[in-house]
Amino acid sequence: MNTRELEQAAEAPSRAYARGVAEGRWQDDPAQHEALRELDRIHAALLADGGEGWLDRLSARWRRPAPVPGLYLWGGVGRGKTFLIDLFYEQLPLPVFVTAGHAKAQSGIRNGKYRTHFHRFMRQIHERLREHAGQADPLARIAQEWRGRLRVLVLDEFFVTDIGDAMLLGRLLERLIAEGVTLVTSSNTAPENLYKDGLQRERFLPAIELLRRHCVEVHAIGAEDYRLRALTRSPVYRAPLDGGSDAWLCERWKELSAGSDARGGHIVIEDRRIDVRARGKGMAWFDFAALCEGPRGTADYIEIAREFHTVLLGGIPRFDALNEDAARRFVNLIDEIYDRHVNLVCTAADAPTALYAGTRLQGAFERTASRLIEMRSAEYLATPHRA
């Protein structure tokens, strides 16, 4: 970081927010001010406690700092929750803890920050547990490996639906907080409604109490749904495919990602690499071929649907007897993202009802076409993502 970048990174979140308003990058929303005050509090406390003298560095491996009370920011879809916690994260002049694990690779980092999606974080924890299989208390071992290295954990879309995660989470949070980690998280639901009606929920109640003890709860209330406004500004389904299809998706990407450029890369699901045209916070842009014309399975689509609230998909072709396998994968993809209420923005060769001309999948594709039509509706676009 140069001096200018470091100065801006050390700004309180509310100052960075006000600067963005003044520069016209976003609009001021009074409904977001309460969360900003709490994020300012955490920012100031972490910087005040972030001594980096030689004695601090010498004792970092053994000392356990008292965790700064964090934030549990919850509310409906499109209230700017992810935007606010990311603004906080970007303003913390702390080293980035790139991967929540692999202590040897992180040995040079002290008092780091780590930001990820809740589901991805739990997937990483399960992977680390497998590495420590057979040990007496693997969760404690993982937390000890992070001692002094991880100071702030920012989790987006905190939402528990899996019995395994529910049983694991309370013990994990207890150990992380004991190591001085501060938690900042967003969620679509209040703490008391986490894992509501879930199997053996009584065993998850201590985790809820732990969240309430160590995080300030703020309800993000507001009339403006920023995500829905961006989605409904222009159509989400474009046909037929032509020379302007990519440019149209690029414009949609910029609208939905607040102006971020589309940069290629890849995601990894269970050691399988999937190329992306772009990836952002809760968003990904794929070519049809990357998702449906290779060795992809339902497990890949489940992970994509859980991790991303918005998917851009370019180049959906017409289907006939020559590409039935790709059609089957496409049917499975739409089933999963529809079930999770993922917003789909896509370009296709034809209208949904005219995409399929084969024989084997007529019944299944009728359902797919119906879902593609429904996914263009304002009612569907306003439905919360089920992570």
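Sequential numbering from 23 applies to the sequence shown in our numbering. Heads up, the beta-carbon is just placed ideally off N, CA and C, and yes, glycines get one too.
Taking a C-beta distance under 8 Å as the contact criterion, Tyr360 and Met397 qualify as a contact pair. Residues of the same chain with a CB within less than 8 Å of the CB of Trp270, apart from the 5 flanking positions on each side, are Arg260, Thr369 in chain order. Bounds of the beta strand (DSSP E) holding Tyr94 are 92-97. Restricting attention to alpha helix (DSSP H) runs no shorter than 4 residues, the stretch 222-248 encloses them at 227-236, ordered along the chain. The Cβ atoms of Asn365 and Thr390 lie no closer than 8 Å to each other.
Remark: C-beta atoms of Leu114 and Ile147 do not approach each other more closely than 8 Å. For Leu198, the enclosing alpha helix (DSSP H) has its first and last residue at 185-200. Shown here for Gly385: not one same chain residue has a beta carbon closer than 6 Å to its own, the five before and five after excluded. Fewer than three pairs of CB atoms, one per stretch, sit closer than 8 Å, so the stretch 328-346 makes no contact with the stretch 212-221. About 17 Å separates the beta carbons of Ile243 and Ala404, which is beyond the 8 Å limit, so they are not a contact pair. Gln157 and Glu196 have their C-alpha atoms some 19 Å from each other. Contact check for Arg163 against Gly134 fails: the beta carbons are separated by 8 Å or more. Residue burial annotation: Glu401 is exposed, with fewer than 16 other C-beta atoms found within 10 angstroms of its C-beta. Between Ser208 and Phe226, the C-beta gap is not smaller than 8 Å, which leaves the two residues out of contact.
In this structure, Tyr111 sits near Val176, with a CB-CB distance shorter than 8 Å. Pro317 and Val353 have their C-alpha atoms roughly 15 Å apart.
Between Gly287 and Phe308, the alpha-carbon positions lie close to 10 Å from each other.
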